[in-house]
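Here is the structure we will look at.
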Amino acid sequence: MSSSRAVVPAYAKLNLALRVLHKRPDGFHDLRTVFQTITLHDTLEIEFTRARASAVTCECGVDIPNNIAARAAESLLAEWRVNAKVRIRIEKRIPMGGGLGGGSTNAAAVLLALPHLARKRVDPLRLLSIAAELGSDVPFFLRGGTALGLSRGEELYPFPEPAVSHGVLVAPGIHVSTPDAFRDLGRDGAVMSPEPMPARSWEIPAGANLAAWGRFCENDFEASVFTRHPQLAAVKRQLLRLGAGVSMMSGSGSSVFGFFATQAEARAACVVIPSSRLIRTLTCEQYREAWRKALE
Ligand code: C5P
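With numbering that gives the first Met the number 0 applied, the sequence shown corresponds to residues 0 to 295, in that order.
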């Protein structure tokens with residue numbers, strides 16, 4: 000039977016702000032976060048062939064039990080009641096366990112590419128709910144750009160986009176377990192009510208470079224994760240010393256990023272910080288364009 004194949008990008012995200020409110024009866028925590036896609040990406044090769052029985056395989060160089068990209072393909076095949084062989088190959092560049100949404104973006108890439116390869120449609124609202132079942136960050140990657148995430152992070156709202164900004168990302172190879180990071184916050188009984196994030200966003204000048212977002216960029220996980228891993232706090236201090244306008248840990252760690260007023264300043268910082276790489280923000284328009292090209 001004939002196959003169809005696509006090579007698609009799966010971009011990483013940063014949390015530009017991350018406030019954790021309280022633990023809910025379902026065990027998850029209510030959040031307020033601002034997501035932002037960046038240029039760092041994995042590349043997925045996805046092949047779809049109709050078959051008598053379904054078989055989904057995923058190779059990515061490392062063994063990931065219960066792989067979320069494979070589960071995304073299985074969810075769509077079940078939704079369509081279609082039998083097919085789906086082969087996914089992932090060229091990994093996004094560090095795993097870095098708070099960069101590596102697994103979630105791989106899953107979203109499968110959800111975006113497979114309908115095109117299978118020549119099948121999925122209602123957009125249904126696609127969002129399949130994404131949310133796979134993981135809290137997956138729905139964001141269906142659209143990319145900048146977005147406010149509420150509830151588990153899956154309830155998304157438009158948020159003012161920063162100007163394309165240049166930054167440095169440091170991934171020191173420390174794996175922080177997300178469930179452990181939430182537990183360490185100790186929000187199980189307590190309810191935290193930070194200032195409403197949308198109101199605080201009014202302090203951000205429209206279309207500003209991220210380096211000017213200043214105090215808006217706060218991450219509730221930093222205190223506990225930095226206590227366990229003081230080297231991450233040292234990276235943040237170094238980025239600020241080298242002129243970053245903002246520096247923060249992403250998600251529950253362990254990546255730390257800094258944004259600079261100019262690309263030249265970001266480059267200069269990248270040269271002196273070990274395990275660092277240059278990044279750029281990716282707008283919703285750029286995200287859509289990259290996807291349009293990949294599926295052409
Ligand atoms: O949805 P996701 O797979 O990203 O969640 C991983 C784990 O992180 C959950 O099982 C839960 O322990 C924790 N989590 C949470 N509150 C959230 C998101 C994740 O407690 N909003």
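Just so it is clear, CB atoms sit at the ideal spot from N, CA and C, and this is done for glycine as well. Since the structure is predicted, the reported quantities are computational estimates derived from the model, not experimental observations.
Do the stretch 217 to 224 and the stretch 170 to 184 make contact, defined as three or more Cβ pairs closer than 8 Å? Yes: the two stretches touch, three or more of their Cβ pairs being nearer than 8 Å.
Give, in chain order, every unbroken run of the beta strand (DSSP E) that is at least 3 residues long and sits entirely within the stretch 165 to 228. The qualifying runs are 165 to 169.
Using a C-beta cutoff of 7 Å, does Ser3 count as contacting chain B? Looking for chain B here will not work: only one protein chain is present.
With the cut-off set at 7 Å, would you say Thr38 and Ile278 are in Cβ contact? Cβ distance < 7 Å, so Thr38 and Ile278 count as in contact.
Determine whether the beta carbon atoms of Ser251 and Val175 lie at a separation below 7 Å. Going by C-beta atoms, Ser251 is nearer than 7 Å to Val175.
Status (buried if at least 16 other CB within 10 Å, exposed otherwise) for Val61: Burial call: exposed.
As a quick check of your reading: which residues have a C-beta less than 6 Å from at least one non-hydrogen atom of ligand 1, in chain order? For ligand 1, residues qualifying as neighbours are Phe27, His28, Leu30, Gly134, Ser135, Asp136, Arg151, Gly152, Thr177, Pro178, Phe181, where qualification means a beta carbon closer than 6 Å to at least one of its heavy atoms (chain order).
Nearest to Arg240 by alpha carbon, out of Pro229, Cys216, Ala268? Cα-wise, what sits closest to Arg240 is Ala268.
Proximity of Leu20 and Val33 at Cβ, strictly below 7 Å: No, the pair does not count as a contact, with Cβ atoms beyond the cut-off.
Whether Lys91 touches Asp29 by CB criterion (7 Å): Asp29 is positioned such that its CB atom lies no closer than 7 Å to that of Lys91.
Cα separation between Val7 and Phe259? If you take the alpha carbons of Val7 and Phe259, they lie about 29 Å apart.
Measure the alpha-carbon distance for Gly143 versus Val163 and round it to whole angstroms. The straight-line gap from Cα to Cα measures roughly 14 Å.
Give me the residue from Trp212, Gly206, Ala207 with the minimum Cα distance to Arg199. Nearest option by C-alpha distance: Trp212.
Based on Cα-Cα distance, which residue from Arg49, Pro157, Gly101, Trp79 lies nearest to Ile129? Comparing Cα positions, the closest option is Trp79.
Three-state secondary structure assigned by DSSP to Val163: In the structure shown, Val163 adopts coil according to DSSP, grouped into three states.
On the CB-based measure, 16 or more other CB atoms within 10 Å of its CB, does Met247 come out buried or exposed? Met247 should be labelled buried.
Would you mind working out which of Gly101, Ala265, Ile45, Phe215 sits nearest Leu147, comparing C-alpha positions? Comparing Cα-Cα distances from Leu147 to each of Gly101, Ala265, Ile45, Phe215, the minimum goes to Phe215.
Roughly how many angstroms lie between the CA atoms of Ala131 and Glu153, to the nearest whole one? Ala131 and Glu153: Cα-Cα distance of roughly 6 Å.
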